[in-house]
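Colleague: Can you keep this structure in mind? I'll have questions shortly.
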Amino acid sequence: MSYSAPANWDEPELLDLTGAPVPQYGTGSLADLLPTLVAGQGVPGFTAGIAELTPSDRNCVFLIDGMGWEQIKAHPDEAPFLASLLGSSRGGTGLPITSGFPATTATSLASVGTGLPPARHGLPGYAVRNPASGELMNQLRWQPWTAPKPWQPYPTVFQQADAAGVHTAQVSAPAFQNTPLTKIALSGGTFHGRMTGEERMDLAAIQLAAGERSLVYTYYSELDGAGHRHGVDSDAWRGQLMHVDRLVRRLAEQLPPRTALYVTSDHGMVDVPFDEDSRIDFDEDWELGAGVALLGGEGRARHVYAVPGAEADVLTVWREVLGDRFWVASRQEALELGWFGTPGECDERVLGRIGDVIAAAHADVAITASRNEPNESALAGMHGSLTAAEQLVPLLEVRS
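Quick note: the sequence shown uses the working numbering, first residue 133, plus one each step.
Given below as structure tokens:
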């Protein structure tokens with residue numbers, strides 16, 4: 133008796149691109165938060181995208197880097213105050229919002245500050261190709277130097293609110309005051325640098341009380357750092373989450389009257405196991421490297437820039453090799469599916485920054501680059517993709 137294997141026995145089933153979760157641009161993404169708040173404050177030119185939120189005279193956004201919705205739900209003992217606010221999220225619906233794609237800091241902070249999706253503001257990833265120079269541009273570190281204003285020409289929501297008479301302030305670490313990312317995404321009103329989280333909470337409350345209409349933004353980054361170094365299943369990360377929980381309570385307890393505090397994040401995080409199956413090393417994989425001129429993005433959200441004329445071949449190979457663990461799309465497919473903004477929408481200057489091929493991780497895997505990206509390749513926790521653990525972020529609310 134003989135047995136014949138199915139024709140596709142050795143061919144893993146490809147992930148369906150239409151099954152990839154899509155950020156809720158226009159109704160429930162980070163890009164919709166500030167426009168919704170300032171619309172409620174009467175700033176002209178804005179409409180409320182997140183319909184569930186109730187207007188307030190004074191608004192504070194506390195963005196905690198790397199604190200996803202699923203991570204809060206999984207750690208009620210370490211974050212009892214945050215967990216008690218889960219039902220308040222998104223205007224009392226108890227639902228999260230989405231960060232936008234890729235779920236990474238530079239992209240998300242630009243979305244928050246400009247009120248625009250990545251296809252408009254033009255920071256569509258951690259490291260992307262500069263079409264003018266052909267080099268990779270790291271948009272978090274702003275290296276190599278690129279003139280900020282042409283790269284992101286739109287005014288920030290803070291600038292527009294300040295011009296409309298809203299008392300506007302950012303309270304963050306002093307090191308962030310003059311960075312290009314702050315200038316193009318978060319500037320407007322006054323910047324106040326404070327070293328400790330406690331100092332930031334206290335000053336944010338003071339700044340909220342300084343105007344009859346106020347918009348205050350404050351930020352904490354250390355939770356993300358602990359997640360990257362040690363993973364979100366580590367004692368170090370849990371310790372940082374406990375500290376964050378105390379900071380949020382500290383701010384909530386000193387809000388001036390007529391204030392809404394919104395606690396959110398730029399992305400969640402996933403721990404990627406340190407084994408060859410989970411970490412695919414691009415620098416050691418000749419098949420993935422064939423026809424590729426530049427590898428951008430980051431481990432869980434890759435922009436792949438093909439040698440001219442090799443775009444179709446690169447897409448085919450990446451799908452064959454990775455398509456059961458990554459959503460692998462062409463630039464046009466990703467735009468039409470709405471990964472970077474409203475389906476089909478993209479500013480002309482942004483098109484060449486997006487990869488010819490985009491690979492977004494579905495499983496707990498990453499595409500590393502051991503030689504060219506040794507530091508990033510060694511991270512325990514990563515983010516960037518479309519999974520719920522990375523995309524879903526809280527919008528917890530406290531009112532006074």
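Positions of the beta carbon are idealized from the N, C-alpha and C atoms, including for glycine. Please read all numbers here as calculations on a predicted model, not as lab measurements.
(1) If you check the beta carbons only, do GLY158 and THR474 fall under 8 Å apart?
(2) Given a threshold of 16 other Cβ atoms within 10 Å of its Cβ, counted over all protein chains shown, does ARG252 qualify as buried or as exposed?
(3) Have a look at LEU335 and VAL170 and give me their C-alpha separation to the nearest angstrom.
(4) Please state the DSSP three-state secondary structure of ILE486.
(5) Let me make sure I understand the geometry here. Which of LEU147, CYS192 and THR179 has the alpha-carbon closest to that of LEU393?
(6) Taking 8 Å as the threshold (C-beta atoms), are GLY320 and THR288 in contact?
(7) Are there three or more Cβ pairs, one per stretch, closer than 8 Å when the region 350-360 is compared with the region 185-200?
(8) Once DSSP output is grouped into helix, strand and coil, what is the label at ALA520?
(9) What are the start and end residues of the beta strand (DSSP E) that includes ASN191?
(10) Could you tell me if GLN372 is buried or exposed, where buried requires 16 or more neighbouring beta carbons within 10 angstroms of its beta carbon?
(11) Could you check where the alpha helix (DSSP H) with ALA341 kicks off and where it finishes?
(12) Quick one: Cα of THR150 to Cα of ILE338, how far?
(13) Using C-beta distances below 8 Å, list every residue in its chain close to ARG345, excluding the 5 sequence neighbours before and after it, in chain order.
(14) Considering only C-alpha positions, which residue in the set ASP417, LEU387 and ALA498 is nearest to ARG411?
(15) From the DSSP output, which residues share a beta bridge with HIS299?
(16) Tell me which same chain residues have a C-beta within less than 6 Å of the C-beta of ALA139, skipping the five on either side of it?
(17) Please report the straight-line C-alpha distance between ASP445 and GLY423, rounded to a whole angstrom.
(18) Taking just the CA atoms, how far does GLY329 sit from LEU379?
(19) Measure how close the beta-carbons of PRO250 and GLY484 come, nearest whole angstrom, since I'm counting them as under 8 Å.
(20) Shortest alpha-carbon distance to ASP413 belongs to which of GLU480, PHE213, GLU477 and GLU505?
(21) Which parts of the region 350-411 are runs of the alpha helix (DSSP H), unbroken and 4 residues or longer, counting only runs that do not cross its ends?
(22) Rounding to the nearest angstrom, what Cα-Cα distance links GLY429 and ASP164 in this structure?
(23) For LEU518, which option in PHE178, ALA235 and PRO187 has the closest C-alpha, if you only look at C-alpha atoms?
(24) Does DSSP put THR246 in a helix, in a strand, or in coil?
(25) Is any beta-carbon of chain D found at less than 8 Å from that of ILE196?
Modeller: To lay it out plainly:
(1) yes
(2) buried
(3) Rounded to the nearest angstrom, the gap between the Cα atoms of LEU335 and VAL170 is 21 Å.
(4) coil
(5) CYS192
(6) It is a contact, given that the beta carbons lie within the stated cut-off.
(7) yes
(8) The answer is helix: DSSP assigns ALA520 an H, G or I state.
(9) Segment 190-196, the beta strand (DSSP E) holding ASN191.
(10) Result: buried.
(11) 329-341
(12) 47 Å
(13) GLN173, GLY174, ASP189, ARG190, GLY297, VAL298 and HIS299
(14) ALA498
(15) BP columns for HIS299 point to SER346.
(16) For ALA139, the predicted structure reports a pLDDT of 47, less than 50, and the residue's modelled location is therefore unreliable. The matter cannot be settled from this model.
(17) Near 8 Å, if we compare the C-alpha coordinates of GLY423 and ASP445.
(18) 7 Å
(19) That belief does not hold up - the Cβ atoms of PRO250 and GLY484 are roughly 14 Å apart, past 8 Å.
(20) The shortest C-alpha separation from ASP413 is found at GLU505.
(21) Within the region 350-411, the complete alpha helix (DSSP H) runs of at least 4 residues are 354-362 and 367-384.
(22) So the two alpha carbons sit approximately 24 Å from each other.
(23) ALA235
(24) helix
(25) Given the protein chain composition of this structure (a single chain), no chain D is represented.
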